[in-house]
Amino acid sequence: MLRAGSRNLRSNQIKNPITSWKIVRGDTVQVMQGADHGKKSVVIKVSRKTNRVVVRGIKLAKRRIKATEESQGGFVYREQPIHYSNVSLVDPSDGKPCKISMSYLADGTKVRVSKRTGTVIPKPAELTAKRFKNYLDGVKDTKPEVVTLKTFDETSLVPELDELTIAKVHEKLLLEKEEAEQKRLAREQARVAYGFSSSSDEPRNVGSDSKKEEAEVV
């Protein structure tokens with residue numbers, strides 16, 4: 001047995017929720033069904049949880065307002081929600097209702113396009129303006145004027161050296177150069193001492209050379 005609260009909850013659940021809304025607040029639509037069939041007006045509210053929209057001056061219902069200290073009360077007419085499927089977006093090129101498809105511009109912007117005429121139907125400017133007007137920068141957001149600033153200097157990667165450090169580096173280079181020259185001279189002296197030519201690594205046989213000279217003399 002279901003309780004009253006659970007019965008009301010189940011009755012408010014949407015069986016087929018609309019996943020892609022092509023009508024937004026501020027759009028001009030035409031009513032396609034009901035007592036206001038054929039009338040055109042502007043969407044003043046959308047309810048994605050119930051798949052319904054509120055259109056200005058459409059489906060008016062008489063409501064009673066209680067008297068207060070500031071007003072006497074009485075009756076007023078207010079718009080009631082109607083189902084999303086009961087309205088169609090109006091094509092601004094001919095003023096007739098149309099079916100909508102989604103497409104992309106060359107710059108990647110997603111837009112609504114009339115299937116009948118191919119006209120691009122932009123979203124209301126007031127909707128976009130209000131969305132960005134109330135937007136506050138977060139901790140990880142960067143302002144446009146800051147993005148273009150040059151905040152990195154590649155010369156900062158080069159460490160700054162004082163005169164004493166530069167002198168020590170220069171002295172070290174000279175010592176390394178002098179040590180390399182001394183090693184080269186030592187290798188040359190070793191070649192001469194062991195009978196190697198300074199320009200060749202082949203040994204020079206002093207005895208065989210003297211014998212050849214004596215034979216030539218004889």
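The sequence shown lines up with residues 1 to 218 when you count with the UniProt record's numbering. In this text, a Cβ means the ideal position worked out from N, Cα and C, and glycines have one as well. What you are looking at is a predicted structure, and each value in this text was computed from that prediction instead of being measured.
Proximal residues to residue i (C-beta, below 8 Å), its chain only, five neighbours per side dropped
i: LYS22; result: LEU89, ILE100, MET102, ARG112
i: PRO97; result: VAL29, GLN30, MET32, SER88, LEU89, VAL90, ASP91
i: VAL42; result: GLY26, ASP27, THR28, VAL29, VAL55, ARG56
i: LYS177; result: none
Helix, strand or coil at residue i according to DSSP, with G and I counted as helix
i: PRO177; result: Before going on, a small fix: residue 177 reads as Lys here, not Pro. Of the three classes helix, strand and coil, the one that applies to LYS177 here is helix, per DSSP.
i: SER41; result: strand
i: LEU164; result: helix
i: ALA193; result: helix
i: ALA61; result: strand
i: SER71; result: coil
i: GLN80; result: coil
i: LYS172; result: helix
i: LEU89; result: strand
i: VAL139; result: coil
Cβ neighbour criterion (16 or more within 10 Å) applied to residue i
i: VAL53; result: buried
i: ILE58; result: buried
i: GLN30; result: buried
i: SER114; result: buried
i: ASP141; result: exposed
i: ASP153; result: exposed
i: MET46; result: Residue identity differs from the one stated: residue 46 is Val in this sequence, not Met. Under this definition VAL46 is a buried residue.
i: ILE166; result: exposed
7 Å CB neighbourhood of residue i in its chain, flanking five on each side removed
i: ASN51; result: ILE14, PRO17, ILE18, HIS83, TYR84
Contact under 7 Å by Cβ, residue i with residue j
i: THR109; j: ASP91; result: no
i: LEU105; j: VAL24; result: no
Near the ligand ATP: residue i beta-carbon under 6 Å from a heavy atom
i: ILE100; result: With respect to the ligand ATP, the structure offers nothing, as it holds no ligand at all.
Sequence-distant residues of its chain with Cβ nearer than 6 Å to residue i (five each side left out)
i: SER93; result: THR117, THR119
i: GLU70; result: none
i: PHE75; result: LYS62, ARG64
Chain B contact for residue i (CB, 7 Å cutoff)
i: ALA193; result: Checking the listed chains, one finds no chain B in this structure; it contains a single protein chain.
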